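Take a look at the structure below.
Residue numbers (our numbering), protein chains in the order written: chain F, 75 to 259; chain A, 75 to 259.
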């Protein structure tokens, strides 16, 4: 396969994943592969070449979203200000969760999301821990918390602040409460 | 009905509700009425007299748990120290949620929990708001938040801090982060 062909295949794969996420979030698991192919601008055969079964497609979506979160965490981990980077990562993750849940909840009925996530969770956890430790070392985050506290706070915030009756202003102030609480006393 | 008979009936009703909650949390909706009657120490006829259907029993459980939360909120609202009362209410509610969820999640499959809750939610919300405003007036809680922020923070914490992999120490520190964040900057 030449470089160009390989790049084409990768682009197609990404387009299919994006189209599938949009359609699943909007219409649920009953979306036909034809519609996904159409929105992605590829033939149905191309979809099946990349994802032989719907389960394979779902698993790839879960992995892609987790990989994206790892990327975001790594970008923040390379940020100049350790404390601001950590806080911005927390904020971004919570904001992103609403979008994630729409897809994940539907996919969760079809594949074992936890099993798929497990393969990348170690990498994500290590990156979040590095972000946290750097911010603590810089003196901007209380030192009595570790990864388990951060994950519990994050998962709670992702649920509590993304409930249907919570508007953007409430969410922003709620996140602010949470992030203030992470500062040293 | 004499006073004594009425008191007996009330006691029986409470015993049935308690037994039902314990058994439902442990064994799910398939628990037979016989077992509930046995644990409550009453006859099956008594259970049916108080709760003609399983749905009536489930709804009574949801209401009883909400009423208990309202009672707790009212007790704290009458507490001497406005700020400590508010913070203690938050802590108690989060601690209580683990127990609640075991029952509520199961009952949620059988009756519309939200509909049952709606009838008492106004009273609960008013009590929480009174607790919050009193604490804000006393200068111990940031003034830019209202009931929606408190409810979003509470519901998130109830989920995030009561996940199966969160131990007591992590939960305690997580709650501490949250409550510190509620203090004025």
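Don't be surprised by glycine CBs; every beta carbon is placed ideally from N, CA and C. These figures come from a predicted structure and were not determined experimentally.
- For the segment 148-204 of chain A, the continuous alpha helix (DSSP H) assignments of 4+ residues that do not extend past its boundaries occur at 156-181, in sequence order.
- The segment 178-198 of chain F and the segment 136-146 of chain F touch, with three or more beta-carbon pairs separated by less than 8 Å.
- Taking 9 Å as the cut-off, the beta carbon of residue 146/A is found no closer than this to the beta carbon of residue 160/A.
- Rounded to whole angstroms, the Cβ separation of residue 201/F and residue 144/F is 6 Å, and the two are in contact under 8 Å.
- Interface criterion not met: the Cβ of residue 181/F is under 9 Å from no Cβ in chain A.
- Beyond the five residues adjoining it in sequence on each side, residue 133/F comes within less than 7 Å, by CB distance, of 185, 190 in the same chain, given in chain order.
- Contact between the segment 218-229 of chain F and the segment 219-229 of chain A is absent, with fewer than three C-beta pairs closer than 8 Å.
- Among the CB atoms of chain A, one or more fall inside 9 Å of the CB of residue 223/F.
- At least one CB of chain A lies nearer than 9 Å to the CB of residue 252/F.
- Secondary structure remark: continuous beta strand (DSSP E) runs of at least 3 residues inside the segment 102-135 of chain F: none found.
- The DSSP-derived three-state label of residue 242/A is helix.
- Contact with chain F is found for residue 219/A, since one of that chain's Cβ atoms lies less than 9 Å from the residue's Cβ.
- Residue 118/A has its alpha-carbon roughly 8 Å from the corresponding atom of residue 112/A.
- Counted as a single uninterrupted DSSP element, the alpha helix (DSSP H) harbouring residue 222/F occupies residues 221-234.
- Residue 173/F holds the alpha-carbon nearest to the alpha-carbon of residue 233/F among 173/F, 90/F, 209/F.
- At a cut-off of 9 Å, the C-beta of residue 187/F has no neighbouring C-beta in chain A.
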